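Heads up: the structure comes next, in structure tokens.
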Amino acid sequence: MLGRLPRAASSMPVLRDRLANRRGAVAVVLVLELGARGVGLVQPLAARHVVDGVGSARNLTGPIAVLGALAVVGLLFNYVAYRQRGKLSERFVLDLRKEAARRTIFAPVPVVESRSAGDILSRIGSDTTLVQHTVVKALVDLVVVPLTVVAGIVLMLFVDLSLAALVVGLLALAAVVELKVFGRLVRNTERGQQHVGAMTGVVHRLLPALRTVKASSMEHREAESFDREAGSAYRAGLRAAKTGALADTVAYASVDLTFLTVLAVGVLEVSAGTVGVGDLVAILLYVVYIQDPVESLTESASRFSEGLAALRRITELLELRPETEALPPRAHVTGRPRKDGCAPGRYLRLDQVSFSYEGREVLRDVTIEARPGLTVLVGSSGAGKTTILSLVERFVEPDRGRVLLDGVDVREFPLPDLRRRVSYVEQEAPLLGDTIREAATYGIDGLDDGELQRVLASVGLDA
């Protein structure tokens, strides 16, 4: 079995585990955010004292000074909270990117190759960027904002019970409608990210083979292929935007209608003498103050759903298992490979090896023995040359038979030791390294210039 990229069941455990490793930073951000919100909740009460003081001709210097001090303290809390939240978000995404890249690098070759390179690049690149700008901020808001709203409602109850009950009823009705919208938003966002990955895959496949594309006069067909994926991403984005617009509209309408309703009822009660002007002002200020958190809660829920959709795609990379030994070491393998990759007396043997790819038999009972200095694999494309080399390197495992290196089953070698003993150059010959020397000595440390020259001369590259 070559394997496929696993389908992530949920991204929430990934989010929970990574934030659990940074409990201190999360706690600091939450305390700062709650402090900023708490200062704001005190301001309507201070404003009520100012309004009541106007009617009673009291000295207003103290209440006004308190209002100013509260504003300054709130600004300081907001500033520090914003900085700490940004720092937490950056660190969270850094860890996510590093682990996603490492999991991909250490995963079995067939599992990684089951997805296009563009799709994997999209997950590590654009998906992590989306998580960076959404998840931490949205998660903090989803914790802090409900507490702020509840605290504001409790304080409103102390100011005036009937008006507070009216506010609660109207906001609860709006919340029910909003919850029905968010599930659809998550699905539309995830589909959009999938199409973005496919679109990136088209470009990644096209650019390395651009000369072949042009020589085959296939520019129009490749452009049409990109257009199809871009169009699918566009349509999914439109659906997500439509759903997000509906969620925002419900949020704005709920707060605006609440404010106007409370204002109308409050004015009637003030006229009847059942509510004081200061109390009405305090209630209206609480409605206005709650308006921003409620609207940000809707936006945060929308952005959180987008971030979770991206995180779910990244989670599929995080669930990749590294290459493991199929058999435990049974023999003590002696000898060390020379730095030029060649050792006297070494031989390689495939003994009755069969291999299938996705149910189609590629090799059947192949037996080959090769010693250093021989070119033993010659044939047309698709004849199985790359498959045999993949079996030697244990990129894939045979269905039957054995691959022997110096008489030892390659499954008895630890993977790093096996691959140090076998030199492998891909057919596409990618250049890995910043210089020609680094590319030539890739995977070999401590090779001096003299040894490098001898190795290059042995393969006809000394000119």
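What the sequence shown shows, in UniProt numbering, is residues 1 to 463, in sequence order. A virtual CB, placed ideally from N, CA and C, is assigned to each residue, including glycine. A quick note: this is a predicted structure, and the numbers were derived from the prediction, not measured.
Check	Outcome
Threshold first: 4 residues or longer. Then list the alpha helix (DSSP H) segments lying entirely within the stretch 206–244, N to C.	210–215
Does DSSP put residue 252 in a helix, a strand or coil?	helix
Which term fits residue 260, buried or exposed, when burial requires 16 or more other beta carbons within 10 angstroms of its beta carbon?	exposed
If we ignore side chains and look at the alpha-carbon of each, how far apart do residue 336 and residue 137 end up?	Since pLDDT at residue 336 reaches only 47, below the 50 mark, its modelled position is unreliable, and no value is offered.
Counting only the same chain and skipping the five closest in sequence on each side, list residues whose C-beta sits under 7 Å from that of residue 376.	368 and 370
Buried or exposed: where does residue 93 fall if 16 or more other Cβ atoms within 10 Å of its Cβ makes it buried?	buried
Taking 9 Å as the threshold (beta carbon to beta carbon), is residue 169 in contact with chain C?	The structure shown contains no chain C, having only a single protein chain.
Would residue 418 be called buried (16 or more neighbouring beta carbons within 10 Å of its own) or exposed?	buried
Measuring alpha carbon to alpha carbon, tell me which residue in 45, 26 and 150 is nearest residue 293.	150
With a 10 Å radius around its C-beta and 16 neighbouring C-beta atoms as the bar for buried, classify residue 127 as buried or exposed.	buried
Please state whether DSSP places residue 424 in a helix, a strand or coil.	coil
Just verifying my parser: in three-state terms, what is the DSSP assignment at residue 92?	helix
Does the Cβ-Cβ distance between residue 323 and residue 107 come in under 9 Å?	yes
So, does the stretch 255–273 touch the stretch 230–238, judging by three or more C-beta pairs under 8 Å?	no
Using only CA atoms, which one of 311, 403 and 306 lies nearest to residue 348?	403
Do you know offhand how far residue 180's Cα is from residue 262's?	26 Å
Residues in the same chain with beta-carbon distance under 7 Å from residue 398, minus the five sequence neighbours each way, listed in chain order, please.	353, 354, 355 and 391
Confirm, please, whether the CB-CB distance from residue 36 to residue 81 is below 9 Å.	yes
By Cβ distance, which residues of its chain are closer than 8 Å to residue 109, with the 5 residues on each side in sequence left out?	390, 395 and 396
Pair every Cβ in the stretch 195–214 with every Cβ in the stretch 109–123, then say whether three or more of these pairs are closer than 8 Å.	yes
Considering only DSSP beta bridges, list what residue 370 is partnered with.	348
With respect to the alpha helix (DSSP H) encompassing residue 136, which residues constitute its N-terminal and C-terminal limits?	128–159
So for residue 447, helix, strand or coil by DSSP?	coil
Does the Cβ of residue 63 have 16 or more other Cβ atoms within 10 Å, making it buried, or fewer, making it exposed?	buried
Taking DSSP's pairing of strands, which residues face residue 355 in a bridge?	363
Determine the extent of the alpha helix (DSSP H) in which residue 118 is found, giving its start and end residues.	117–122
Decide if residue 195 is buried, meaning its Cβ has at least 16 other Cβ atoms within 10 Å, or exposed.	buried
Identify which residue in 412, 223, 18 and 45 has its Cα closest to the Cα of residue 159.	45
Is it right to say residue 224 is buried, meaning 16 or more other beta carbons lie within 10 angstroms of its own, or is it exposed?	exposed
So, helix, strand or coil for residue 402, using DSSP?	strand
Between which residues of its own chain and residue 97 is the CB-CB distance below 8 Å, once the five residues before and five after are set aside?	124 and 128
Let's test the definition: count the other Cβ atoms within 10 Å of the Cβ of residue 16 and tell me whether it reaches 16, buried, or not, exposed.	exposed
So residue 131 and residue 311 are in contact, right, with Cβ under 8 Å, and what is the actual spacing, rounded?	5 Å
Among the residues of its own chain, which have a CB less than 7 Å from the CB of residue 329, if the five just before and after it don't count?	Unreliable positioning characterises residue 329 in this predicted model, as indicated by a pLDDT of 48, which lies under 50. A coordinate reading is not provided.
When the distance is taken between beta carbons, is residue 145 closer than 9 Å to residue 30?	no
Which same chain residues end up closer than 6 Å to residue 19 when comparing Cβ atoms and leaving out the 5 residues on each side of it in sequence?	26
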